[in-house]
Each structure stands twice: as C-alpha cells, then as structure tokens.
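Number of protein chains: 2
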Amino acid sequence: MSIVSTSNTRDRILDALQDILISDGYSSVTLELVARTAEVSKGGLLYHFPSKASMMVGLMERVRALAEEEFREAVVSEEGVVRYFLRTSLPQTSAEGELYWAVIAALRSKEDIPPEAGILVKELFDRWGDLLHAELTDPVLAETIRLAGDGMYMSSIAGLGRPDPVLTQQVVDRLAEASDRVRRER
Amino acid sequence: MSIVSTSNTRDRILDALQDILISDGYSSVTLELVARTAEVSKGGLLYHFPSKASMMVGLMERVRALAEEEFREAVVSEEGVVRYFLRTSLPQTSAEGELYWAVIAALRSKEDIPPEAGILVKELFDRWGDLLHAELTDPVLAETIRLAGDGMYMSSIAGLGRPDPVLTQQVVDRLAEASDRVRRER
DNA sequence: GACACTGTACCGGCTGGACGGTACTGTACC
DNA sequence: GGTACAGTACCGTCCAGCCGGTACAGTGTC
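Sequence order for the protein chains is Y and F.
First residue of the first sequence? That's -17 in the numbering used here, and the numbers climb one at a time after it.
First residue of the second sequence? That's -17 in the numbering used here, and the numbers climb one at a time after it.
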C-alpha cells in the first residue's frame, strides 16, 4: 500500500481524529467517537487503522508532510524564518500548532500514545530551532526567539496569562527587529 | 521520591499523588496506585479524600500555600523578581514547576480533572506575569521574559529542543541584564 | 455471458479488563 | 468508644480490540 491513499474515508478518519485531538484532547479520543465523527462505523475505522496507535501514527505522518512543506516555505519566504516562526506561533493563525500541543500534552500525561508520534513532534520543534539558529549569527537571540515562540503557544493554548494580543504583537515586533541586525546572508 | 517527608498520612497521600503526577502524568493516577505508593490501603485513602477529585483539590490547596510563599520570597529577594522567575523556570531547579505542567497537560487533554485545579494553576501563572510587569517599566520586555520563561519550562519538560544548558543560561543572563536597565524603584 | 471466486471496504455486536466509587467488617490505639 | 485506618468484595461504566458478518466490484474461465 502506498503512503498516499486514494481512499477518501481514510482522510476523513484522520480529519476527525485531528478535530477531536484539538478540541477535546487525547483522552477524549475513542475509536467510537472518531468513527462517529468521520461517519464511519467502528469496524470500518479498524479496517483502515488496525489499532488506535496506528491511527495516531497515520495522523502524524500526514502532519509531517505538511510541516516539511512549511519549513521549505519559511526558508524561501520574503519575511524570513524569524517572522514566519513567530507569526505561526500565534495560535490564532495555526491549527497545526494546536495539534502539536495536543500531542505534547498527551505525551506529558503519559497517555498510551505511540512513541513515534512524540518523536515526530519533537523533531518538528527541533527543526524550527535549527532553522532559527541557521538564520541568525546570534545564537542567544535565536534561542530567545525560540523560547518566546514556544511560550506563546503555551500561554494561549493552556489559557494562561492575560490575552493581550497588542502586547504579544509588540514582543513579536521587537524580536523580529532585533533579528534583522544579526541576520546571516543567504 | 517525596519532596517532603512526613509522618502524616494525609500528606503522604498528597506526596504520592504529586510524585505520580510529575513522573507519569495524570492518566496514570489511579486510586489504587496512589494508595500503594503512599503505603495506605484504598479504604484508608478514601477515608481522607472521598473522591479522586477531592484528592486533586487537596494537592492544589497545598501547592497554593507553597506558591504564595514563593511569591513573597521573590518580591523581597535580593536578586529581584526577574532573576527569581527565570531561575525557577529552569525545571531542574523546581519540582513545583513540573507539577504545574503536569496539571496543564492534564487540562489540555481534557482529563476529568477538577476545574479548581486548572483555575489555580492559571492564577499562579498570571501572578508571575503581574509581578514581572510590576517590576519593570518596559511591558514588552516583561512580556518577553514571561514568554521565554514559559518556553523554558515547556522545552525541557516536553523534551523539546536541544538540551543546551549553557545557551539557556545565556538567554537568562541577557534578559536579566536587560531588565536591570528598566527596573522600577522599590 | 453466466458462473465461481477473490479482494476490498465496511458494519456492528461482543468481550474482557481497567477503573472509580461503594459498602461493609475488622482492628489498633488513645 | 471514637478516630484512623486496613482489607476486601462488589457494581457500573467505559473502551480497545476482535470477530463474524455484508455488499460489491473485479477477474478469470468456459
């Protein structure tokens, strides 16, 4: 079987899984709920994914494909990696970001999530770090940007902190401007 | 292992709960495991806490007491709020930090954790934000520090990013130095 | 072009185990 | 004799994975 399936049902199942993960968290993910959301029977779901774990892995594989496209886009973009990263760190602008955190939260809770899923998400985060460090000559600033970006995800998704978009945007702007002074030539 | 050694059974139960939360996550918390870890029978546990939820609330109340002490200490400390916050954001130095994240992860996963627990943790995070903003005349820097601190917790606890303590320390130092230039008088 | 057969896609009921909570009885100590 | 447990048996619920089906579209064969 090829990685890209022609089956529409398979993608519908992954869509359902993703929606539930984002809105309700991993602990709400049951085979029955995913099946119902995807308008498939439980048996039909298990035909495509023989276990809950394999379903998660299927989703992560799809996520990886999207993420790699995003990395390529960030590198060649006009705005540069820093602005791209910080922009997509604002959760309003990124549905995938929410998905990552849902997986991380599930990992932290040691829910019986397949290791591959965790490893993949970690790789994606590391990749952003690598790109930031490659873009800037100042590793301390690069790391600060990485940490602040992670904090932004966190803050809003966990519902922490005051939701002050203006202030957050000012942080983004200041970090972006600082990065302009230490950007490596392409 | 427990942070505080006590002869009191109630505290022993909360210690066990905390240990399990930190090391294995909320989904691993079962009445039986907590009881076994605390070397209490299940009946004994339910004598002190009539439900799993009330046990969590009990832990959160104890956490709040410790946190409030920490806030007072941070404000009157020689190093100031910024350094205190960033220092305790490095998870190696803070067991409570890990506990907060365990609760946040559980919240994100929508596990049937009592609402009070989530509200309390959110309040504690907000409080740090308030203290940072009160300490500095530059709200953008205060917010950057808050975000970076949250990112540090995240990064290491979720196992994200390269574990580069030297680089992380440099970030801390730079933010702390920057804060020295905009510190409000006491 | 009717027949036999095969693989794909999907349905839905069932079971076995885990877990929260209940409900007792027993016991040691003050 | 009340407090602080220990010990255990049990109930209801939830859920993952399994299994026995169904429908149907090919595909070769004569």
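Each residue gets a CB set at the ideal place from its N, CA and C atoms; glycine is no exception.
In this text the structure is predicted, and so the values were computed from the model without any measurement.
Check: In the DSSP assignment, what residue or residues form a beta bridge with F:L118?
Finding: F:R165
Next item on the list: Out of Y:M38, Y:S138, Y:E105, Y:D(-7), state which residue places its alpha-carbon closest to the alpha-carbon of Y:E80.
Entry: Y:S138
Check: What are the uninterrupted segments assigned as alpha helix (DSSP H) that are 4 or more residues long and contained completely in the stretch 29 to 78 of chain Y, given in chain order?
Finding: 34 to 58, 62 to 71
Checklist line | Counted within 10 angstroms of its Cβ, other Cβ atoms place Y:Q0 as buried (16 or more) or exposed | finding: buried
Next item on the list: Count the other CB atoms, across all protein chains shown, that sit within 10 Å of the CB of F:L171; report buried if there are 16 or more and exposed otherwise.
Entry: It is not possible to answer for residue 171 of chain F, since the shown part of chain F is limited to -17 through 168.
Note to self: Is there a C-beta anywhere in chain Y that falls below 8 Å from the one on F:I4?
What the structure shows: no
Checklist line | Backbone CA spacing between Y:T(-12) and Y:S33 [nearest angstrom] | finding: The predicted position of Y:T(-12) is uncertain, since its pLDDT is 48 and thus under 50; a value taken from the coordinates is nonetheless stated next. Computed Cα separation, rounded: 20 Å.
Next item on the list: Provide the residue span of the alpha helix (DSSP H) that contains Y:N(-10), from first to last.
Entry: -10 to 6
Notebook entry, point to check: So with Cβ pairs under 8 Å, would you call F:D132 a contact of chain Y?
Noted result: yes
Margin query: Out of F:E43, F:V64, F:S9, which one is the CA nearest neighbour of F:A84?
Written below: F:S9
Notebook entry, point to check: In whole angstroms, what separates the C-alpha of Y:D112 from that of F:R(-6)?
Noted result: 44 Å
Margin query: Is there a Cβ of chain Y sitting closer than 8 Å to that of F:I139, yes or no?
Written below: yes
Next item on the list: Rank F:S71, F:E51, F:E117 by C-alpha distance to the C-alpha of F:A160 and give the top, closest one.
Entry: F:E117
Check: Does the distance from the C-beta atom of Y:L114 to that of Y:G100 stay below 8 Å?
Finding: no
Next item on the list: For the alpha helix (DSSP H) containing Y:E14, list its first residue and its last residue.
Entry: 13 to 19
Notebook entry, point to check: DSSP on Y:E93, reduced to helix/strand/coil?
Noted result: coil
Next item on the list: Pull out every residue of the stretch 85 to 104 of chain Y whose Cβ sits closer than 9 Å to any Cβ of chain F, in chain order.
Entry: I86, A87, A88, L89, R90, S91, K92, E93, D94, G100, V103, K104
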